[in-house]
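Below: the structure, in C-alpha coordinates.
As C-alpha coordinates, this is what we get:
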(Lines of atoms letter the chains of each structure in order from A and count residues from 1; the text may use other names and numbers.)
(Lines give C-alpha, C1' and ligand atoms only; values in the text may rest on other atoms or scores of the structure.)
Protein backbone atom coordinates (compact mmCIF):
# COMPACT_ATOMS: atom_id res chain seq x y z
CA UNK A 1 0.00 0.00 0.00
CA UNK A 2 1.47 3.37 -0.97
CA UNK A 3 1.58 6.45 1.27
CA UNK A 4 -1.44 8.02 -0.40
CA UNK A 5 -3.52 4.89 0.21
CA UNK A 6 -2.27 4.74 3.77
CA UNK A 7 -3.37 8.32 4.40
CA UNK A 8 -6.82 7.60 2.96
CA UNK A 9 -7.38 4.44 4.96
CA UNK A 10 -8.88 6.16 8.00
CA UNK A 11 -10.99 3.12 8.84
CA UNK A 12 -11.05 -0.33 7.28
CA UNK A 13 -14.58 -1.03 8.40
CA UNK A 14 -17.43 1.03 9.71
CA UNK A 15 -20.54 -0.25 11.45
CA UNK A 16 -23.71 -0.03 9.40
CA UNK A 17 -25.47 2.70 11.29
CA UNK A 18 -29.14 3.59 11.03
CA UNK A 19 -31.53 6.34 12.04
CA UNK A 20 -29.48 9.40 13.05
CA UNK A 21 -26.29 8.25 11.33
CA UNK A 22 -25.95 11.53 9.51
CA UNK A 23 -26.86 13.93 12.25
CA UNK A 24 -29.98 15.57 13.53
CA UNK A 25 -31.21 17.04 10.25
CA UNK A 26 -34.46 15.30 9.35
CA UNK A 27 -35.84 14.86 5.88
CA UNK A 28 -38.47 17.49 6.59
CA UNK A 29 -35.73 19.91 7.53
CA UNK A 30 -33.91 19.19 4.29
CA UNK A 31 -36.70 20.42 2.09
CA UNK A 32 -35.24 23.90 2.28
CA UNK A 33 -32.40 22.73 0.05
CA UNK A 34 -33.80 24.88 -2.73
CA UNK A 35 -34.45 28.49 -1.86
CA UNK A 36 -37.76 30.24 -2.37
CA UNK A 37 -36.74 31.35 -5.84
CA UNK A 38 -36.46 27.83 -7.23
CA UNK A 39 -38.04 26.87 -10.51
CA UNK A 40 -41.51 25.44 -10.02
CA UNK A 41 -40.49 22.52 -12.20
CA UNK A 42 -37.75 21.28 -9.85
CA UNK A 43 -39.15 18.76 -7.36
CA UNK A 44 -38.37 19.06 -3.65
CA UNK A 45 -35.44 17.09 -2.25
CA UNK A 46 -37.79 14.37 -0.99
CA UNK A 47 -38.44 13.39 -4.62
CA UNK A 48 -34.72 12.71 -5.09
CA UNK A 49 -34.37 10.61 -1.96
CA UNK A 50 -35.18 7.03 -1.05
CA UNK A 51 -36.60 5.88 2.26
CA UNK A 52 -35.80 3.44 5.02
CA UNK A 53 -33.67 3.18 8.12
CA UNK A 54 -30.40 4.00 6.38
CA UNK A 55 -31.82 7.10 4.73
CA UNK A 56 -33.74 8.74 7.58
CA UNK A 57 -32.00 11.71 9.14
CA UNK A 58 -29.66 12.58 6.27
CA UNK A 59 -28.62 16.21 5.90
CA UNK A 60 -29.19 18.09 2.67
CA UNK A 61 -26.55 17.20 0.09
CA UNK A 62 -23.77 19.52 -0.99
CA UNK A 63 -22.54 20.04 -4.51
CA UNK A 64 -24.00 21.89 -7.49
CA UNK A 65 -27.80 21.92 -7.63
CA UNK A 66 -29.75 21.28 -10.80
CA UNK A 67 -31.11 24.79 -10.51
CA UNK A 68 -27.58 26.15 -11.02
CA UNK A 69 -26.93 24.14 -14.20
CA UNK A 70 -27.77 25.06 -17.81
CA UNK A 71 -31.23 24.00 -18.91
CA UNK A 72 -31.50 20.80 -20.92
CA UNK A 73 -33.20 21.25 -24.28
CA UNK A 74 -33.40 18.99 -27.32
CA UNK A 75 -33.43 15.27 -28.09
CA UNK A 76 -30.78 12.90 -26.80
CA UNK A 77 -30.20 9.33 -27.98
CA UNK A 78 -29.09 7.25 -24.99
CA UNK A 79 -27.60 3.75 -24.89
CA UNK A 80 -28.05 2.53 -21.33
CA UNK A 81 -26.80 -0.79 -20.05
CA UNK A 82 -26.66 -2.75 -16.82
CA UNK A 83 -28.69 -4.02 -13.90
CA UNK A 84 -29.40 -0.58 -12.41
CA UNK A 85 -31.05 0.60 -15.62
CA UNK A 86 -34.49 0.95 -14.05
CA UNK A 87 -33.19 3.35 -11.42
CA UNK A 88 -31.38 5.36 -14.07
CA UNK A 89 -34.48 5.49 -16.29
CA UNK A 90 -36.45 6.96 -13.42
CA UNK A 91 -33.94 9.74 -12.99
CA UNK A 92 -33.96 10.47 -16.72
CA UNK A 93 -37.75 10.74 -16.56
CA UNK A 94 -37.41 13.24 -13.72
CA UNK A 95 -35.14 15.36 -15.91
CA UNK A 96 -37.69 15.19 -18.72
CA UNK A 97 -40.35 16.41 -16.29
CA UNK A 98 -38.11 19.27 -15.14
CA UNK A 99 -37.27 20.32 -18.71
CA UNK A 100 -40.31 20.11 -21.02
CA UNK A 101 -38.12 20.73 -24.09
CA UNK A 102 -35.80 17.82 -23.24
CA UNK A 103 -36.49 14.29 -24.48
CA UNK A 104 -34.41 11.13 -24.23
CA UNK A 105 -34.72 8.22 -26.65
CA UNK A 106 -33.17 5.23 -24.97
CA UNK A 107 -31.95 1.80 -26.03
CA UNK A 108 -31.15 -0.68 -23.29
CA UNK A 109 -29.18 -3.92 -23.22
CA UNK A 110 -26.17 -5.27 -21.39
CA UNK A 111 -23.34 -2.75 -21.12
CA UNK A 112 -20.92 -5.05 -22.93
CA UNK A 113 -23.17 -5.61 -25.95
CA UNK A 114 -23.97 -1.91 -26.21
CA UNK A 115 -20.25 -1.11 -26.03
CA UNK A 116 -19.62 -3.47 -28.93
CA UNK A 117 -22.49 -1.89 -30.88
CA UNK A 118 -21.07 1.61 -30.34
CA UNK A 119 -17.66 0.54 -31.65
CA UNK A 120 -19.20 -1.15 -34.69
CA UNK A 121 -21.33 1.90 -35.47
CA UNK A 122 -18.35 4.19 -35.09
CA UNK A 123 -16.30 2.05 -37.47
CA UNK A 124 -19.14 2.29 -39.98
CA UNK A 125 -19.47 6.06 -39.48
CA UNK A 126 -23.09 5.58 -38.46
CA UNK A 127 -23.40 6.44 -34.76
CA UNK A 128 -26.92 5.92 -33.44
CA UNK A 129 -26.33 7.18 -29.88
CA UNK A 130 -25.21 10.47 -28.40
CA UNK A 131 -24.33 9.19 -24.93
CA UNK A 132 -23.51 5.79 -23.41
CA UNK A 133 -24.46 5.24 -19.76
CA UNK A 134 -22.86 2.00 -18.61
CA UNK A 135 -23.09 0.12 -15.33
CA UNK A 136 -19.36 -0.65 -15.40
CA UNK A 137 -16.12 1.07 -16.29
CA UNK A 138 -14.87 -1.87 -18.33
CA UNK A 139 -17.48 -1.25 -21.03
CA UNK A 140 -16.67 2.45 -21.03
CA UNK A 141 -13.00 1.52 -21.33
CA UNK A 142 -13.71 -0.77 -24.28
CA UNK A 143 -15.38 2.07 -26.18
CA UNK A 144 -12.57 4.47 -25.29
CA UNK A 145 -9.82 2.05 -26.29
CA UNK A 146 -11.48 1.67 -29.69
CA UNK A 147 -11.61 5.46 -30.18
CA UNK A 148 -15.38 5.49 -30.38
CA UNK A 149 -15.78 8.43 -28.00
CA UNK A 150 -15.38 12.18 -27.91
CA UNK A 151 -13.91 13.83 -24.80
CA UNK A 152 -16.29 15.27 -22.26
CA UNK A 153 -15.71 18.91 -21.37
CA UNK A 154 -13.73 19.84 -18.28
CA UNK A 155 -16.91 21.34 -16.85
CA UNK A 156 -18.69 18.01 -17.27
CA UNK A 157 -16.17 16.01 -15.24
CA UNK A 158 -14.86 18.53 -12.72
CA UNK A 159 -17.36 17.52 -10.01
CA UNK A 160 -15.95 13.98 -9.79
CA UNK A 161 -13.93 13.92 -6.60
CA UNK A 162 -11.39 11.24 -7.54
CA UNK A 163 -9.43 11.25 -10.79
CA UNK A 164 -9.48 7.44 -10.87
CA UNK A 165 -13.15 7.70 -11.80
CA UNK A 166 -12.59 9.84 -14.90
CA UNK A 167 -11.27 8.21 -18.07
CA UNK A 168 -8.09 9.35 -19.76
CA UNK A 169 -8.68 12.37 -22.00
CA UNK A 170 -12.04 12.86 -20.24
CA UNK A 171 -13.29 9.80 -22.14
CA UNK A 172 -15.93 9.11 -19.49
CA UNK A 173 -17.06 10.22 -16.06
CA UNK A 174 -18.10 7.99 -13.18
CA UNK A 175 -21.54 8.80 -11.80
CA UNK A 176 -22.06 6.07 -9.16
CA UNK A 177 -19.63 3.74 -7.41
CA UNK A 178 -19.70 0.26 -5.91
CA UNK A 179 -17.05 -1.14 -3.62
CA UNK A 180 -16.07 -4.75 -3.16
CA UNK A 181 -16.66 -5.73 0.43
CA UNK A 182 -16.91 -8.66 2.83
CA UNK A 183 -20.34 -8.90 4.48
CA UNK A 184 -20.07 -10.86 7.72
CA UNK A 185 -22.50 -12.05 10.40
CA UNK A 186 -21.81 -10.19 13.63
CA UNK A 187 -23.23 -13.06 15.72
CA UNK A 188 -20.68 -15.44 14.24
CA UNK A 189 -17.60 -13.31 13.59
CA UNK A 190 -15.87 -10.23 14.93
CA UNK A 191 -13.99 -7.70 12.87
CA UNK A 192 -10.67 -9.22 13.93
CA UNK A 193 -11.66 -12.47 12.16
CA UNK A 194 -11.69 -10.77 8.76
CA UNK A 195 -8.25 -10.56 7.09
CA UNK A 196 -7.05 -7.28 5.64
CA UNK A 197 -6.18 -8.85 2.26
CA UNK A 198 -8.05 -11.41 0.19
CA UNK A 199 -4.87 -13.48 -0.18
CA UNK A 200 -5.16 -14.36 3.53
CA UNK A 201 -8.73 -15.68 3.32
CA UNK A 202 -8.02 -19.32 2.35
CA UNK A 203 -5.88 -19.79 5.49
CA UNK A 204 -8.11 -17.89 7.94
CA UNK A 205 -9.29 -20.50 10.46
CA UNK A 206 -12.48 -18.64 11.35
CA UNK A 207 -13.60 -18.63 7.69
CA UNK A 208 -13.14 -22.29 6.81
CA UNK A 209 -16.39 -23.64 5.36
CA UNK A 210 -18.30 -20.49 6.25
CA UNK A 211 -17.83 -18.27 3.17
CA UNK A 212 -20.06 -17.64 0.15
CA UNK A 213 -19.54 -16.22 -3.33
CA UNK A 214 -21.42 -15.83 -6.64
CA UNK A 215 -19.01 -16.81 -9.46
CA UNK A 216 -21.60 -16.27 -12.22
CA UNK A 217 -22.04 -12.63 -11.21
CA UNK A 218 -20.40 -9.91 -13.32
CA UNK A 219 -19.04 -8.09 -10.28
CA UNK A 220 -17.27 -11.24 -9.12
CA UNK A 221 -15.69 -11.68 -12.56
CA UNK A 222 -14.47 -8.07 -12.42
CA UNK A 223 -12.98 -8.81 -8.99
CA UNK A 224 -11.16 -11.87 -10.33
CA UNK A 225 -9.99 -9.86 -13.34
CA UNK A 226 -8.54 -7.24 -11.00
CA UNK A 227 -6.76 -9.97 -9.03
CA UNK A 228 -5.36 -11.45 -12.23
CA UNK A 229 -4.05 -8.04 -13.33
CA UNK A 230 -2.54 -7.33 -9.92
CA UNK A 231 -1.23 -10.77 -8.91
CA UNK A 232 -0.93 -12.76 -12.12
CA UNK A 233 -2.75 -15.80 -13.49
CA UNK A 234 -1.04 -18.48 -11.41
CA UNK A 235 -1.63 -16.84 -8.04
CA UNK A 236 -5.23 -16.01 -8.93
CA UNK A 237 -5.92 -19.57 -10.08
CA UNK A 238 -4.40 -20.92 -6.87
CA UNK A 239 -6.50 -18.54 -4.79
CA UNK A 240 -9.72 -19.64 -6.47
CA UNK A 241 -8.84 -23.30 -5.98
CA UNK A 242 -7.87 -22.73 -2.34
CA UNK A 243 -11.11 -20.88 -1.58
CA UNK A 244 -13.08 -23.68 -3.22
CA UNK A 245 -11.21 -26.30 -1.21
CA UNK A 246 -11.93 -24.28 1.93
CA UNK A 247 -15.64 -24.95 1.38
CA UNK A 248 -16.78 -21.62 -0.07
CA UNK A 249 -20.43 -22.03 -1.05
CA UNK A 250 -21.94 -20.84 -4.31
CA UNK A 251 -24.97 -18.56 -4.47
CA UNK A 252 -26.84 -17.27 -7.53
CA UNK A 253 -26.05 -13.60 -6.95
CA UNK A 254 -24.43 -11.32 -4.42
CA UNK A 255 -27.68 -10.20 -2.82
CA UNK A 256 -28.31 -13.87 -2.04
CA UNK A 257 -24.83 -14.05 -0.50
CA UNK A 258 -25.59 -11.04 1.71
CA UNK A 259 -29.01 -12.41 2.70
CA UNK A 260 -27.43 -15.74 3.63
CA UNK A 261 -24.90 -13.90 5.79
CA UNK A 262 -27.65 -11.96 7.55
CA UNK A 263 -29.65 -15.16 8.09
CA UNK A 264 -26.66 -17.02 9.50
CA UNK A 265 -26.41 -19.76 6.87
CA UNK A 266 -23.09 -18.17 5.87
CA UNK A 267 -20.73 -16.40 8.24
CA UNK A 268 -19.21 -14.16 5.55
CA UNK A 269 -19.00 -13.69 1.80
CA UNK A 270 -17.77 -11.66 -1.14
CA UNK A 271 -20.17 -9.04 -2.55
CA UNK A 272 -20.56 -5.47 -3.65
CA UNK A 273 -21.19 -3.21 -0.68
CA UNK A 274 -24.72 -2.15 -1.55
CA UNK A 275 -26.28 -5.59 -1.14
CA UNK A 276 -25.60 -5.58 2.58
CA UNK A 277 -26.97 -2.03 2.68
CA UNK A 278 -30.22 -3.19 1.07
CA UNK A 279 -30.52 -5.97 3.62
CA UNK A 280 -29.84 -3.55 6.45
CA UNK A 281 -32.24 -0.91 5.13
CA UNK A 282 -35.07 -3.44 5.15
CA UNK A 283 -33.98 -5.17 8.36
CA UNK A 284 -32.28 -2.66 10.67
CA UNK A 285 -31.57 -5.31 13.30
CA UNK A 286 -30.03 -7.84 10.90
CA UNK A 287 -26.66 -9.06 12.29
CA UNK A 288 -24.63 -8.02 9.25
CA UNK A 289 -21.69 -5.66 8.90
CA UNK A 290 -19.10 -4.94 6.22
CA UNK A 291 -15.34 -5.28 6.11
CA UNK A 292 -13.10 -3.80 3.44
CA UNK A 293 -9.70 -5.16 2.49
CA UNK A 294 -6.80 -2.87 1.65
CA UNK A 295 -5.09 -2.13 -1.64
CA UNK A 296 -5.96 -5.38 -3.39
CA UNK A 297 -8.65 -6.81 -5.69
CA UNK A 298 -10.93 -7.22 -2.69
CA UNK A 299 -10.92 -3.44 -2.32
CA UNK A 300 -11.84 -2.73 -5.94
CA UNK A 301 -14.17 0.20 -6.56
CA UNK A 302 -15.95 0.04 -9.91
CA UNK A 303 -18.24 2.71 -11.32
CA UNK A 304 -21.21 3.28 -13.53
CA UNK A 305 -20.44 6.15 -15.85
CA UNK A 306 -21.30 8.14 -18.94
CA UNK A 307 -19.43 8.63 -22.22
CA UNK A 308 -19.94 10.92 -25.22
CA UNK A 309 -20.24 8.80 -28.37
CA UNK A 310 -18.08 9.60 -31.38
CA UNK A 311 -20.02 11.29 -34.15
CA UNK A 312 -22.69 12.88 -31.99
CA UNK A 313 -23.91 16.24 -33.18
CA UNK A 314 -25.07 17.13 -29.66
CA UNK A 315 -21.83 17.34 -27.73
CA UNK A 316 -22.83 20.33 -25.63
CA UNK A 317 -26.11 18.69 -24.64
CA UNK A 318 -24.24 15.51 -23.65
CA UNK A 319 -21.86 17.56 -21.49
CA UNK A 320 -24.75 19.26 -19.74
CA UNK A 321 -26.56 15.94 -19.30
CA UNK A 322 -23.49 14.48 -17.57
CA UNK A 323 -23.29 17.56 -15.35
CA UNK A 324 -26.86 16.80 -14.27
CA UNK A 325 -25.85 13.22 -13.42
CA UNK A 326 -23.23 14.70 -11.10
CA UNK A 327 -25.58 17.25 -9.54
CA UNK A 328 -26.35 17.22 -5.82
CA UNK A 329 -29.84 15.88 -6.51
CA UNK A 330 -28.69 13.09 -8.82
CA UNK A 331 -25.97 11.95 -6.45
CA UNK A 332 -28.39 11.95 -3.53
CA UNK A 333 -30.79 9.94 -5.69
CA UNK A 334 -28.22 7.28 -6.60
CA UNK A 335 -26.90 7.13 -3.01
CA UNK A 336 -30.28 6.65 -1.36
CA UNK A 337 -32.17 4.66 -4.00
CA UNK A 338 -29.50 2.16 -5.07
CA UNK A 339 -27.06 2.76 -2.15
CA UNK A 340 -24.27 3.50 -4.62
CA UNK A 341 -21.19 5.44 -3.60
CA UNK A 342 -21.52 9.13 -4.56
CA UNK A 343 -18.94 10.51 -6.96
CA UNK A 344 -18.98 14.05 -5.55
CA UNK A 345 -17.62 15.15 -2.20
CA UNK A 346 -20.78 16.94 -1.07
CA UNK A 347 -22.91 13.79 -0.78
CA UNK A 348 -22.33 11.20 1.94
CA UNK A 349 -22.70 7.44 1.41
CA UNK A 350 -25.55 5.88 3.35
CA UNK A 351 -25.52 4.11 6.68
CA UNK A 352 -22.20 5.25 8.09
CA UNK A 353 -20.14 3.66 5.32
CA UNK A 354 -16.57 4.92 5.03
CA UNK A 355 -16.26 7.47 2.25
CA UNK A 356 -14.38 6.57 -0.91
CA UNK A 357 -11.42 8.65 0.34
CA UNK A 358 -11.32 6.47 3.47
CA UNK A 359 -11.12 3.24 1.48
CA UNK A 360 -7.96 1.77 -0.06
CA UNK A 361 -8.76 0.64 -3.62
CA UNK A 362 -5.97 -0.89 -5.70
CA UNK A 363 -4.04 1.24 -8.16
CA UNK A 364 -5.61 -0.15 -11.32
CA UNK A 365 -6.94 1.32 -14.54
CA UNK A 366 -10.63 0.42 -14.43
CA UNK A 367 -10.70 0.27 -18.23
CA UNK A 368 -8.48 -2.82 -18.04
CA UNK A 369 -11.35 -4.74 -16.45
CA UNK A 370 -12.69 -5.12 -20.00
CA UNK A 371 -10.13 -7.91 -20.53
CA UNK A 372 -12.55 -10.58 -19.33
CA UNK A 373 -11.85 -13.58 -21.59
CA UNK A 374 -8.62 -14.65 -19.82
CA UNK A 375 -10.52 -14.42 -16.53
CA UNK A 376 -13.26 -16.76 -17.72
CA UNK A 377 -10.66 -19.26 -18.94
CA UNK A 378 -8.81 -19.06 -15.63
CA UNK A 379 -12.01 -19.55 -13.59
CA UNK A 380 -12.86 -22.58 -15.69
CA UNK A 381 -9.37 -24.03 -15.14
CA UNK A 382 -9.82 -23.51 -11.39
CA UNK A 383 -13.16 -25.32 -11.40
CA UNK A 384 -15.04 -22.15 -10.50
CA UNK A 385 -16.87 -21.53 -13.75
CA UNK A 386 -18.73 -18.29 -14.14
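In this note's numbering, the protein residues as written are 38 to 423. All residues carry an ideal CB built from backbone N, CA and C; glycine is no exception. These figures come from a predicted structure and were not determined experimentally.
- Taking a contact to require three or more Cβ pairs closer than 8 Å, the stretch 181-198 and the stretch 285-303 do not qualify as touching.
- The Cβ atoms of residue 151 and residue 117 lie closer than 9 Å to each other.
- Taking the Cβ atoms as the reference, residue 109 lies roughly 12 Å from residue 167, outside the contact range of under 8 Å.
- Around the beta carbon of residue 144, fewer than 16 other beta carbons sit within 10 angstroms, so the residue counts as exposed.
- Beyond the five residues adjoining it in sequence on each side, residue 319 comes within less than 6 Å, by CB distance, of no other residue in the same chain.
- Under the three-state reduction of DSSP output, residue 108 falls in the coil class, being neither helix nor strand.
- Under the DSSP assignment, residue 254 falls outside any alpha helix (DSSP H); it carries neither an H nor an E label.
- Rounded to the nearest whole angstrom, the CA to CA distance from residue 223 to residue 372 is 25 Å.
- For residue 217, the enclosing beta strand (DSSP E) stretches over residues 209-222.
- Of the candidates 97, 314, 331 and 351, 314 places its Cα closest to the Cα of residue 325.
- Residue 351 is not bridged by DSSP to any residue.
- DSSP, read as helix, strand or coil, puts residue 376 in coil.
- The DSSP assignment places complete alpha helix (DSSP H) segments of no fewer than 4 residues inside the stretch 256-343 at 270-282, 291-300 and 310-319, in order along the chain.
- The C-alpha of residue 165 lies about 11 Å from the C-alpha of residue 156.
- Secondary-structure assignment with DSSP links residue 346 through a beta bridge to 186.
- Secondary structure of residue 171 (DSSP, three-state): strand.
- Here the stretch 235-242 lies against the stretch 270-280, with 3 or more beta-carbon pairs under 8 Å apart.
- Under the three-state reduction of DSSP output, residue 140 falls in the strand class.
- Exclusion of the five residues before and after residue 284 leaves 245 and 246 as the residues of its chain whose Cβ lies within less than 7 Å of its Cβ.
- Considering only 363, 264 and 191, the residue with the shortest C-alpha distance to residue 331 is 264.
- By the criterion of a C-beta distance shorter than 7 Å, residue 85 is surrounded in its chain by 366, 369 and 370, once the five residues flanking it on both sides are discounted.
- Here residue 219 is near residue 328, since their CB atoms are less than 9 Å apart.
- If you look at residue 415, you'll find it in the alpha helix (DSSP H) that goes 410-418.
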